[in-house]
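Colleague: After the structure tokens below, expect a handful of questions from me.
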Amino acid sequence: MDIRCIQVKGSAYDVGFEHGKAMAAEIKKNYHYYMSMWLSGPEKSERALLDKASAFLPYIEGLNPAFIEEMKGVADGADLPLKQIAALNARWELNYTYLPDMLAEAAGGCTAFALTPENTGTKDTYVGQNWDYKPPLQGQCLAITIEIPNRPAVFLITEAGIIGHKGFSSSGIGIGVNFIKLERDAAALGVPFLIKARHVLEQGSLDNCVAFLKANPSPNSGNMLIASAEGKALDVECSPGGMRVLRPQEGVLVHSNHFQELNKDDTDIGSLLLPDTFGRTARLYAHFHDAAGHVGEEKIEEGLRDHTGLPNSVCRHEDGNKPPAERWQTLVSFYANLNTRTIRYTGGPPCQSEYYRKQLV
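So the sequence shown is residues 53 to 413, counted in the numbering used here.
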């Protein structure tokens, strides 16, 4: 399956405008998809939902006013009000607030990994992910290169209209993101999780990434697996109870949809919703450990195409036995070599197509 790929360059507003203009139809589809889901819950007023979305804007501006300028550009380019773009960029939080069905509100299954030189046997560090989410969103997926003066260039695997997500940057930082959920997660205001992911990508070191996340606690859960060209990687499980940092095991770090470090008073809902998370995590760990010292692109792609436990495998396919709202598949697969600043990515389950290649300069 193809995935739209665009490149934008200029001021924060300019790159947003080009994003919005190029993806206007897809942004509108994305907005209507999410809004229809949110309105299926207790809240039946689109205006009230948009007012809630707009309440996130001051938090985004407080983090970096340039993000607001970029979102304004997206809105103008797509000929939509800023409130609708705010809703898309806060969709992680709005899902927690307005979706009564916990499985429908899952932000995406996903199996993410990082490999450091201890495992690859070279100087190279990799980060990658199979992003599992709702099949109707396949056409709204976007691979976008963003170049803004005096800031690191970023390559995002994202959704039309959303300015933050997974990917990597010219500063040598790469991230994957995962849905995780605690019983006590709260629907509260703050910097949206996907905007935090964009900010992390623009940091200059892994230490800076951790410091930022520590200084900006999350009212609800989300996982970031972060690696750097320094040959380092870590995973940050963010939740209302704070953050837990996980380290690689013999150069391999894998995270799916369960908490690997859980406070004794917390209940992990993500693992109840997606019990296959344990098998996917174990499978990818075993795959990379078995090839230790000889892991390169071929082994990575082999792991991302793994069908153990099909359809709920690392390479996920729709389960026709489940209702449509609970069907997921891999929408995008990617992996980045943070030392060479190259990324390979493909739309849809990776078993069905070859990986494209892109390099940041």
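Think of the CB as a built atom: it goes at the ideal place given N, C-alpha and C, for glycine as much as any other residue.
Bear in mind that the values here come from a model prediction, so they are computed numbers and not experimental data.
Under a three-way DSSP split, which group does H359 fall into?
Modeller: coil
Colleague: When we look at the beta-carbon of L241 and count the other beta-carbons within 10 Å, is it buried (16 or more) or exposed?
Modeller: exposed
Colleague: Judging by CA-CA distance, which residue of I225, A205, C193 and N182 is the nearest neighbour of L286?
Modeller: I225
Colleague: If I follow the unbroken alpha helix (DSSP H) through S323, where does it start and stop?
Modeller: G322 to L325
Colleague: Are the beta-carbon atoms belonging to Y148 and A239 less than 8 Å from one another?
Modeller: yes
Colleague: Taking three-plus beta-carbon pairs below 8 Å as touching, is the segment 307-322 in contact with the segment 230-239?
Modeller: yes
Colleague: Mind checking G72: buried by the 16 CB within 10 Å criterion, or exposed?
Modeller: buried
Colleague: Between the C-alpha atoms of Q192 and C57, what's the straight-line distance to the nearest angstrom?
Modeller: 11 Å
Colleague: Does DSSP put A105 in a helix, a strand or coil?
Modeller: Assigned with DSSP and collapsed to three states, A105 falls in helix.
Colleague: Which residues bound the alpha helix (DSSP H) around Q136?
Modeller: L134 to N141
Colleague: At the level of alpha carbons, what is the spacing between F207 and Y387?
Modeller: 12 Å
Colleague: Report yes or no: do three or more beta-carbon pairs, one from the segment 180-200 and one from the segment 126-133, lie closer than 8 Å?
Modeller: no
Colleague: In whole angstroms, what is the alpha-carbon distance linking A76 and K266?
Modeller: 35 Å
Colleague: Scan the segment 148-216 and note each continuous beta strand (DSSP E) run of 3 residues or more that stays entirely inside, going in chain order.
Modeller: Qualifying beta strand (DSSP E) stretches, in chain order: 163-167, 178-185, 193-199 and 206-211.
Colleague: Between the Cα of V126 and those of Q59, H339, E406 and F69, spot the shortest distance and give me the residue it belongs to.
Modeller: Closest by alpha carbon: F69.
Colleague: If you follow the alpha helix (DSSP H) that I120 is in, where does it begin and where does it stop?
Modeller: P117 to A130
Colleague: Rank D317, P204, N230 and Q411 by C-alpha distance to the C-alpha of T329 and give the top, closest one.
Modeller: N230
Colleague: By Cβ distance, which residues of its chain are closer than 6 Å to R332, with the 5 residues on each side in sequence left out?
Modeller: Excluding sequence positions up to five before and after R332, its CB lies within less than 6 Å of the CB of T163, S308 and V366, all in the same chain and listed in chain order.
Colleague: With the cut-off set at 8 Å, would you say H251 and N116 are in Cβ contact?
Modeller: Taking 8 Å as the cut-off, the Cβ atoms of H251 and N116 count as close.
Colleague: I'd like to know if the segment 180-188 and the segment 386-403 are in contact, where contact means that at least 3 CB-CB pairs between them fall below 8 Å.
Modeller: They touch, by the three-pair rule.
Colleague: Should H307 be listed as close to the ligand SAH, given that the test is whether its C-beta is under 7 Å from any heavy atom?
Modeller: In terms of ligand content, the structure shown is empty, and the ligand SAH therefore cannot be addressed.
Colleague: Verify the CB distance criterion: does V126 have a CB-CB separation below 8 Å to chain B?
Modeller: Annotation note: the requested chain B is absent from the structure, which comprises a single protein chain.
Colleague: Could you check which residue in G348, G303 and P187 has the C-alpha nearest to that of N171?
Modeller: G303
Colleague: Would you tell me roughly how many angstroms separate the C-alpha atoms of N364 and E211, rounded to the nearest one?
Modeller: 23 Å
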